[in-house]
Each structure stands twice: as C-alpha cells, then as structure tokens.
Amino acid sequence: MARGKNSEKPRPIIVRKIAATRTLSRPGGAWKVAYADFVTAMMAFFLLMWLLSATDDEERKALAEYFTPTLVQLQDNSAGADGMFGGDSIISDEDYRSRAMQVGERSLSIPKQSSSTNRFGDGDIKRQDQTQFEMIRRRIEQRLKENESLRELYKNIRFTETREGLRIELIDEADFSMFALATDELLPRARQLLAEVADAIKPAPNPLMIRGHTDALPFSSGRTMNNWMLSTARAEATRKELHRNGIDSDSFFKIEGVADREPYTPDDIYDPRNRRISITLGWRSELNLN
22 MARGKNSEKP RPIIVRKIAA TRTLSRPGGA WKVAYADFVT AMMAFFLLMW LLSATDDEER
82 KALAEYFTPT LVQLQDNSAG ADGMFGGDSI ISDEDYRSRA MQVGERSLSI PKQSSSTNRF
142 GDGDIKRQDQ TQFEMIRRRI EQRLKENESL RELYKNIRFT ETREGLRIEL IDEADFSMFA
202 LATDELLPRA RQLLAEVADA IKPAPNPLMI RGHTDALPFS SGRTMNNWML STARAEATRK
262 ELHRNGIDSD SFFKIEGVAD REPYTPDDIY DPRNRRISIT LGWRSELNLN
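Converting from the sequence shown to our numbering requires adding 21 to each position, the first position being numbered 1.
Okay, here's the thing in structure tokens:
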C-alpha cells in the first residue's frame, strides 16, 4: 500500500548509554598507625635527649650496658662460668656439662668493662669477691698438692661460679665417701678435706651456704630416716666440722638439704656422685652484706 504525502516518517531509535560513575571509597586508618609510630619514635627520641642531658658519664655508661644485648653461652668442653675458672675443677678427667637442675651452670656474657650494677650486684664488690674466690681456689689447690693423703681427691672437688656465689662441691665416688653409709658421720679423710677447705676460706668475709645432697636409693621400710633428713643432717654435720676448724658461727647464712632433687648425674639417680656437699661462698652484694 502506498504511503500518502502526509504519512509520518519513522522516528530514529536513539540509544542512550549512561556510564556508571566510580564512587571513591572512604579513606582507611593505616595513616593512624603510621602517625602513632611516628609519635612514639619522637617520644623515645626526646626521652633519650633528656637522659643524655640529665646524667653524667658513669650513669650513661650504666644505661648503655643495661641495653647491651646479652648472649647465653653454654660450656661445650667444661662446666662452670666462662669467667675466672674456665672450668669446674682443679683437675677433671670428665666432661662435666651444665646440669639443668643445678643453679647457675649456664652463664650470661656481660661486658668486661662493667663498672655498674650487674647480675651479681655492685661491680666493685663483685670484683673483690671474684678476687677472693680465686685466692681461695688457689689455696685449696695448693693445700691438696702438699698433702699426700688428700692429693688424689682433686677429682672429687668442683669449683663453679654461680648466681649464688662460688660453689665448692665435695663429691662422693665409688672409692671415696664423705660419710658413713646412710648416716651423717663424717669419715676421717672427709674431716681432713674439710679442715683444708676451712683453712682456705677462713679469711673470706662472704656468707656461707651449705647444701646436702643424696642419691635416690631409698631407706628400708620401718626406718625413721629418709633422704630429706639425711641430706639436712649431713649439711649440719659439715657446718659443725667447719666451725670446729675455725669458721665463725656468724659466717653461716643457710643450711639446707635437698635430698635427691638436684642430681649430679640426672641420667643415673643412683650414681654415687649424686651424694655430695655443696659449700657456697655467697656474693656479698646479692645478700647486702658489705
């Protein structure tokens, strides 16, 4: 059918595309963390500046040593601290490693130039004590060398610098015992050994601590004695013997027995070496005894 003159033309189709606008997300809080770190760093800086202006050389040195990192050093070839002894005994044929149950046989390395308070207390007093301890060790060594009947007991003595002080351990072995079996009766050679130790430590002003140890062998049923009582009784017998050989009563600070709770050989709780007496000369600065 033909269209007329007045017929309308079809309207063009217009497609309108509307692009979606991207909405910006709200800013996060990461800047707050960075700002807080900045403020903290500035506060630490101003605190450092204040400390530097308010302290003298000695105090600044003490602060520097306080913040100096310390390293734990285990003794691979010998026991004791890595300080003046470099080992645990006068003559030792065995590799006496650190015992986890014993006090202070792992040492912290600290700056040798330390003149301020350290882990053992005031630096000057500690140095005096260390000098005294070295003299005592040498005196005991010399006395045992000169005494033919006690010379072979070198292997039964251990010297260890601990957090408590200088520990002198008198250790039993299969061929040597400090006490008669299951009693607190000192045997003759043990009395001789304690007399030499007493003569060596008599000049020292340090407080004395005596600790008794036993092995884990139980007492027979029906006995009133046990390892706790035995270790304490042996510590007291040692105190009496030292006192009899000239150690003043006021020098003793602590007497205790720990039974078999701190074995010398943890892998063998029945080892005779677990039976021992520990005589510790305490750090005066630690106990405030100057």
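Even glycine gets a Cβ: it sits at the ideal position worked out from N, Cα and C.
State yes or no: is the C-beta of ILE222 within less than 8 Å of the C-beta of LEU171?
Locating residue 222 in the sequence shown gives position 201, counting from the first residue. Locating residue 171 in the sequence shown gives position 150, counting from the first residue. Not closer than 8 Å, so no.
Beta-carbon contacts of MET122 that lie in its chain and below 7 Å, excluding the five residues immediately before and after
Position 101 of the sequence shown, counted from the first residue, corresponds to residue 122. Bear in mind that the predicted position of MET122 carries a pLDDT of just 44, short of 50, making it unreliable; the figure below should be weighed with that in mind. Spatial neighbours of MET122 in its own chain (CB-CB distance under 7 Å, excluding positions within 5 residues in sequence) are listed in chain order as GLU283, PRO284 and PRO287.
Using only the alpha-carbon positions, how far apart do THR61 and THR152 sit?
Stepping through the sequence shown from its first residue, residue 61 is reached at position 40. Stepping through the sequence shown from its first residue, residue 152 is reached at position 131. Going by the C-alpha atoms only, they are around 45 Å apart.
For PRO224, which of GLU277, SER306 and MET156 has the nearest alpha-carbon?
The count along the sequence shown starts at 1 and reaches residue 224 at position 203. Ranking GLU277, SER306 and MET156 by CA distance to the CA of PRO224 puts MET156 first.
Taking LYS166 as part of the alpha helix (DSSP H), name the residues at either end of that continuous run.
Residue numbering aside, residue 166 sits at position 145 when the sequence shown is read from its first letter. LYS166: member of the alpha helix (DSSP H) spanning 144-167, first to last residue.
Of all the beta strand (DSSP E) runs that stay within the bounds of the stretch 159-242, which reach a length of 3 or more residues?
Every beta strand (DSSP E) of 3 residues or more that sits fully in the stretch 159-242 is shown, in chain order, as 178-182, 186-192 and 229-234.
Over what stretch of residues does the alpha helix (DSSP H) that includes THR61 continue unbroken?
Start at 1 with the first residue of the sequence shown, and residue 61 comes out as number 40. First-last of the alpha helix (DSSP H) with THR61: 51-75.
Would you give the residue range spanned by the alpha helix (DSSP H) that ARG297 belongs to?
Here residue 297 refers to the residue found at position 276 when the sequence shown is read from its first residue. Counting along the chain, ARG297 falls outside any alpha helix (DSSP H), though it belongs to the beta strand (DSSP E) covering 297-303.
What would DSSP say about GLU277, mapped onto helix, strand or coil?
Within the sequence shown, the letter at position 256 stands for residue 277. It is a strand residue.
Taking the continuous alpha helix (DSSP H) assigned at ASN248, which residues delimit it?
Taking the first residue of the sequence shown as position 1, residue 248 is located at position 227. That run of the alpha helix (DSSP H) goes 248-265.
Residue nearest to LEU215 in terms of C-alpha spacing, selected from ALA57, ARG260, ASP289 and PRO293
To locate residue 215, count along the sequence shown from 1; it is residue 194. It is ARG260.
Determine the DSSP secondary structure at ASP288, reduced to helix, strand or coil.
Walking along the sequence shown from the start, residue 288 turns up at place 267. Three-state result, ASP288: coil.
My guess is that ARG305 and PRO239 are in contact by the Cβ rule of under 8 Å, so how many angstroms apart are they, rounded?
Mapped onto the sequence shown, residue 305 falls at position 284. Mapped onto the sequence shown, residue 239 falls at position 218. No, ARG305 and PRO239 are not in contact; Cβ-Cβ is about 40 Å, not under 8 Å.
ILE276 and ALA256 closer than 8 Å at C-beta:
Sequence index remark: in the sequence shown, residue 276 carries index 255 (1-based). Sequence index remark: in the sequence shown, residue 256 carries index 235 (1-based). In this structure, ILE276 lies near ALA256, with their beta-carbon atoms less than 8 Å apart.
Beta-carbon spacing of ASN248, ASP205 below 8 Å:
Position 227 of the sequence shown, counted from the start, is the residue given in the question as residue 248. Position 184 of the sequence shown, counted from the start, is the residue given in the question as residue 205. Not closer than 8 Å, so no.
Note down the Cα distance separating ARG164 from ALA211, rounded to an integer number of angstroms.
Walking along the sequence shown from the start, residue 164 turns up at place 143. Walking along the sequence shown from the start, residue 211 turns up at place 190. Distance between the alpha carbons of ARG164 and ALA211 is about 14 Å.
Suppose you measure from the CA of GLU307 to the CA of THR183; what does that come to, to the nearest Å?
Counting from one through the sequence shown, the residue named residue 307 turns up at place 286. Counting from one through the sequence shown, the residue named residue 183 turns up at place 162. So the alpha carbons of these two residues sit roughly 12 Å apart.
In its own chain, which residues sit with a C-beta less than 6 Å from the C-beta of ASP97, not counting the 5 before and 5 after it?
Within the sequence shown, the letter at position 76 stands for residue 97. Residue placement at ASP97 cannot be trusted, given a pLDDT of 45 that sits under 50; the coordinates are not used to answer.
By the 10 Å Cβ neighbour count, where 16 or more other Cβ atoms means buried, how is ALA258 classified, buried or exposed?
Your numbering for residue 258 matches position 237 in the sequence shown. Residue burial is scored here from C-beta neighbours: ALA258 has at least 16 other C-beta atoms within 10 angstroms and is therefore classed as buried.
For ASP78, three-class secondary structure by DSSP
Here residue 78 corresponds to residue number 57 of the sequence shown, with the count starting at 1. Helix, per DSSP.
Test item: CB-CB of PHE197 and LEU229 under 8 Å:
Position 176 of the sequence shown, counted from the first residue, corresponds to residue 197. Position 208 of the sequence shown, counted from the first residue, corresponds to residue 229. Cβ distance not < 8 Å, so PHE197 and LEU229 don't count as in contact.
Throw me the rounded Cβ distance for the LEU72 and LEU84 pair, which I believe falls under 8 Å.
On the sequence shown, position 51 is the one that residue 72 refers to. On the sequence shown, position 63 is the one that residue 84 refers to. Cβ-Cβ separation between LEU72 and LEU84: approximately 7 Å, consistent with a contact (criterion under 8 Å).
Which class does PRO293 belong to by DSSP, given the choice of helix, strand or coil?
Counting from 1 along the sequence shown, the entry for residue 293 is found at position 272. DSSP places PRO293 in helix when its eight states are reduced to three.
Sub-8 Å separation of ILE161 and GLU217 beta-carbons
The residue given as residue 161 occupies position 140 in the sequence shown. The residue given as residue 217 occupies position 196 in the sequence shown. Cβ atoms of ILE161 and GLU217: closer than 8 Å.
Does the beta-carbon of ASP193 have 16 or more other beta-carbons within 10 angstroms, so that it is buried, or is it exposed?
Indexing the sequence shown from 1 puts residue 193 at position 172. ASP193 counts as buried, since at least 16 other C-beta atoms from the protein chains shown sit within 10 angstroms of its C-beta.
Distance, Cα to Cα, PRO293 vs PHE154?
Working through the sequence shown from its first residue, we reach residue 293 at position 272. Working through the sequence shown from its first residue, we reach residue 154 at position 133. Per the coordinates, the alpha-carbon of PRO293 lies some 28 Å from the alpha-carbon of PHE154.
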